[in-house]
Amino acid sequence: MDHEDEEIEIPNYFICPISLDIMKDPVIAVSGITYDRESIDKWLEKVSSCPVTKQPLSSDSDLTPNHTLRRLIQHWCVENATLGVVRIPTPRIPPGKPNVVEEIKNLKKFGDEALAREDTLRKLEVLAMEGETNRRLMHEGGVHRLLILFVVKCTRKEEEEEEAQRRIKVQLDESLRLLHMIGVPLNDARTILMENDQILESLSLVLNQQNFLNKAYTIVLLRNLTENTSSHIVERLNPEILKGIIGFLKEVVSSFNRTSPNVSDTAQSSNPRVRNKVHSKLDYNLVIKQAVTAALMILLETSSWSRNKHILIELGAVSQLIELEISSTGEKRATELVLGVLSRLCCCTNGRAEILAHGGGLAIVTKRLFGVSIAADDRALFILSTVSKLSPEKAVVEEMVCVGTVEKLCTVLRVDCGLSLKEKAKEILSDHFDELKKFPCIDVRLLTKFISSSHEDLLAEFYSKLNV
Numbered sequence: 001m002d003h004e005d006e007e008i009e010i011p012n013y014f015i016c017p018i019s020l021d022i023m024k025d026p027v028i029a030v031s032g033i034t035y036d037r038e039s040i041d042k043w044l045e046k047v048s049s050c051p052v053t054k055q056p057l058s059s060d061s062d063l064t065p066n067h068t069l070r071r072l073i074q075h076w077c078v079e080n081a082t083l084g085v086v087r088i089p090t091p092r093i094p095p096g097k098p099n100v101v102e103e104i105k106n107l108k109k110f111g112d113e114a115l116a117r118e119d120t121l122r123k124l125e126v127l128a129m130e131g132e133t134n135r136r137l138m139h140e141g142g143v144h145r146l147l148i149l150f151v152v153k154c155t156r157k158e159e160e161e162e163e164a165q166r167r168i169k170v171q172l173d174e175s176l177r178l179l180h181m182i183g184v185p186l187n188d189a190r191t192i193l194m195e196n197d198q199i200l201e202s203l204s205l206v207l208n209q210q211n212f213l214n215k216a217y218t219i220v221l222l223r224n225l226t227e228n229t230s231s232h233i234v235e236r237l238n239p240e241i242l243k244g245i246i247g248f249l250k251e252v253v254s255s256f257n258r259t260s261p262n263v264s265d266t267a268q269s270s271n272p273r274v275r276n277k278v279h280s281k282l283d284y285n286l287v288i289k290q291a292v293t294a295a296l297m298i299l300l301e302t303s304s305w306s307r308n309k310h311i312l313i314e315l316g317a318v319s320q321l322i323e324l325e326i327s328s329t330g331e332k333r334a335t336e337l338v339l340g341v342l343s344r345l346c347c348c349t350n351g352r353a354e355i356l357a358h359g360g361g362l363a364i365v366t367k368r369l370f371g372v373s374i375a376a377d378d379r380a381l382f383i384l385s386t387v388s389k390l391s392p393e394k395a396v397v398e399e400m401v402c403v404g405t406v407e408k409l410c411t412v413l414r415v416d417c418g419l420s421l422k423e424k425a426k427e428i429l430s431d432h433f434d435e436l437k438k439f440p441c442i443d444v445r446l447l448t449k450f451i452s453s454s455h456e457d458l459l460a461e462f463y464s465k466l467n468v
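Quick note: the sequence shown, position 28, residue 28 per full-length UniProt numbering, numbers continuous.
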């Protein structure tokens with residue numbers, strides 16, 4: 001409404017009891033109360049009762065369109081158009097439960113034959129986009145399991161004819177996209193990998209193919225499947241999977257470094273008839289962000305084991321993680337995960353050497369200290385402490401001076417922060433004091449004061465300067 005000076009009286013019965021906004025698609029619940037469809041759908045996903053009457057309502061209970069009220073609202077909007085009120089369009093009738101149930105029945109009856117038909121995956125995709133209720137019904141019908149097995153079949157097919165190869169590629173693309181949309185229920189994720197040892201092999205093949213978006217979908221799926229599964233499976237992940245994950249992060253960094261990066265440029269659907277509709281629903285930047293987070297979480301979990309540390313370092317993980325952090329905006333969760341993985345990899349000699357060898361390694365770790373979170377601070381200082389203590393001193397100290405690490409460590413000692421952080425910072429400066437004082441840019445008197453003074457004295461001095 002553009003006319004702020006003129007108050008418009010909205011009839012109370014136009015207002016949804018949940019959202020307190022004018023209803024766009026009024027529907028009557030079995031309790032007799034009218035709600036906006038989107039609001040009541042979301043409510044019933046979490047609470048199985050009518051918000052007003054408290055009468056029990058299931059998430060798949062019937063919602064009858066209130067056409068009379070919808071027409072009244074539209075008429076009122078037209079009458080008040082001169083006051084800036086925009087007419088509410090007539091809502092499209094949702095496919096609803098019967099269509100979902102029918103498609104699930106067909107899947108269970110015909111299996112891969114149904115999924116291989118040209119229109120099945122498209123229908124399921126449209127239904128999944130309609131709302132959480134449809135996706136829940138797909139979970140209950142085991143659609144995610146059928147799709148995962150279909151992905152395995154697609155990756156293992158070897159077709160010589162070009163048309164057959166194209167068709168398999170389309171089916172694989174659409175299956176992975178649909179799996180990303182509906183997700184995998186937690187209770188199933190724990191057992192799926194243990195029931196079929198071919199799944200990880202198939203996901204590994206997808207990760208090492210060319211389709212960037214399919215890699216993103218696969219990494220999120222892999223995270224869902226391994227999040228609550230046996231630690232043995234995570235420990236023994238195929239190196240090809242780790243290679244694919246690191247390769248994906250490398251592509252993400254490349255997209256950041258382009259003049260006008262646009263992830264969706266590489267995410268063209270193989271099905272032109274649904275491409276526009278799907279693209280309007282899926283935010284590809286969000287998909288890539290989810291995949292980056294999932295990739296980092298997988299790397300963090302796998303790097304708990306010595307075997308995997310060495311594999312990741314050999315695959316170039318250290319360099320790619322540093323590049324990723326340099327290219328990013330310092331988003332809290334991603335930064336914490338990157339520093340978490342680096343803190344584990346720097347426990348190996350090769351890992352520390354890689355951090356030092358990269359021109360921006362110590363620099364980006366130093367930059368992230370005091371600017372992200374307490375967890376990030378702790379991990380950053382652990383990396384600085386480990387690298388400085390267990391690497392050749394001269395090279396480390398020179399790098400620390402050049403990139404501002406020494407200055408940042410002095411700041412840690414001066415300001416109000418955790419005692420453990422101060423202890424680590426003081427330890428680093430004390431261990432390398434003899435080497436640091438050789439640099440003309442270092443104020444030896446001030447550095448000596450920071451190292452010899454108590455934390456309380458430095459903090460008191462800091463606050464006294466603030467008060468002045």
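Here a beta-carbon is modelled for each residue, glycine too, at the ideal position from N, C-alpha and C.
Check, Outcome
"Starting from T349, trace the alpha helix (DSSP H) in both directions and tell me its first and last residue.", "T349 to A357"
"Look at L381 and L369 and say whether their C-beta atoms are less than 8 Å apart.", "yes"
"Terminal residues of the continuous alpha helix (DSSP H) containing P239?", "P239 to N257"
"Within 8 Å, do at least three Cβ pairs link the region 76-84 to the region 111-122?", "no"
"For the alpha helix (DSSP H) that contains T155, what are its first and last residues?", "V143 to R156"
"Name the two residues that bound the continuous alpha helix (DSSP H) containing Y35.", "Y35 -> not in any alpha helix (DSSP H); beta strand (DSSP E) instead, spanning T34 to D36."
"When we look at the beta-carbon of E323 and count the other beta-carbons within 10 Å, is it buried (16 or more) or exposed?", "buried"
"Starting from the C-beta of L179, find all residues in its chain whose C-beta is less than 8 Å away, skip the five residues before and the five after it, and write them out in chain order.", "H144, L147, I148, V151, Y217 and L221"
"Apply the 10 Å Cβ neighbour rule to V403 and answer buried if 16 or more other Cβ atoms are within range, or exposed otherwise.", "buried"
"Distance, Cα to Cα, V78 vs L72?", "10 Å"
"For residue 482, which residues of its own chain have a beta-carbon under 8 Å away from its beta-carbon, when the five flanking residues on both sides are left out?", "Any answer about residue 482 is impossible in this case: the structure gives the chain only from 1 up to 468."
"For the alpha helix (DSSP H) that V292 lies in, which residues bound it at each end?", "Y284 to T302"
"Which class does I219 belong to by DSSP, given the choice of helix, strand or coil?", "helix"
"Between the alpha carbons of I246 and L300, how many angstroms are there, rounded?", "12 Å"
"Does the Cβ-Cβ distance between S175 and L249 come in under 8 Å?", "no"
"Quick check on this structure: which residue in S254, N134, Q74 and V387 has the alpha carbon closest to the alpha carbon of K42?", "N134"
"When you compare the CB of S453 with every CB in chain C, is at least one pair closer than 8 Å?", "Given the protein chain composition of this structure (a single chain), no chain C is represented."
"Quick test of your reading: A317 and L362, contact by CB under 8 Å. State the CB separation rounded to the nearest angstrom.", "17 Å between Cβ atoms; not a contact."
"Comparing alpha-carbon positions, which option in L429, V401, M400 and S58 lies nearest L413?", "L429"
"If I follow the unbroken alpha helix (DSSP H) through V444, where does it start and stop?", "V444 to S452"
"Below 8 Å on the Cβ atoms is my contact criterion, and I expect G183 with N214 to pass it. Report the Cβ-Cβ distance as a whole number of Å.", "Between N214 and G183 the Cβ distance is about 16 Å, and since that is not below 8 Å, they are no contact."
"Quick one: measure Cβ to Cβ for L296 and V341, integer angstroms, because I've assumed they're closer than 8 Å.", "7 Å"
"In terms of alpha-carbon separation, which member of G244, T335 and R236 lies closest to F212?", "G244"
"Assign P261 to buried or exposed, taking buried as 16 or more other Cβ atoms, counted over all protein chains shown, within 10 Å of its Cβ.", "Unreliable placement is indicated for P261, whose pLDDT of 39 sits below 50; the coordinate value is still reported in the next sentence. By the 10 Å Cβ count, P261 comes out exposed."
"Taking just the CA atoms, how far does A334 sit from N187?", "27 Å"
"Do you know offhand how far N308's Cα is from E161's?", "39 Å"
"Using DSSP bridges, identify the partner residues of V365.", "Its beta-bridge partners do not exist; DSSP assigns none."
"Considering Cα atoms alone, identify which of N208, S373 and L124 is closest to G418.", "S373"
"Count the other CB atoms within 10 Å of the CB of H232; is the residue buried (16 or more) or exposed (fewer)?", "exposed"
"Contact defined as beta carbons within less than 8 Å: I believe I219 pairs with A291. What is the distance between those atoms, to the nearest angstrom?", "5 Å"
"What separation, rounded to the nearest whole angstrom, lies between the Cα atoms of N238 and E227?", "16 Å"
"What whole-angstrom Cβ distance do L137 and V170 have, given they're in contact under 8 Å?", "Not a contact, Cβ separation roughly 25 Å."
"Should T405 be labelled buried (16 or more other beta-carbon atoms within 10 Å of its own) or exposed?", "buried"
"Per DSSP, what kind of secondary structure is A425 in: helix, strand or coil?", "helix"
"Could you tell me the distance, in whole angstroms, from the CA atom of E14 to the CA atom of E125?", "In the sequence as presented, Glu is not what sits at residue 14; that position holds Phe. In a straight line, the C-alpha of F14 is about 33 Å away from that of E125."
"Taking Cβ to Cβ, would you say T155 is nearer than 8 Å to L107?", "no"
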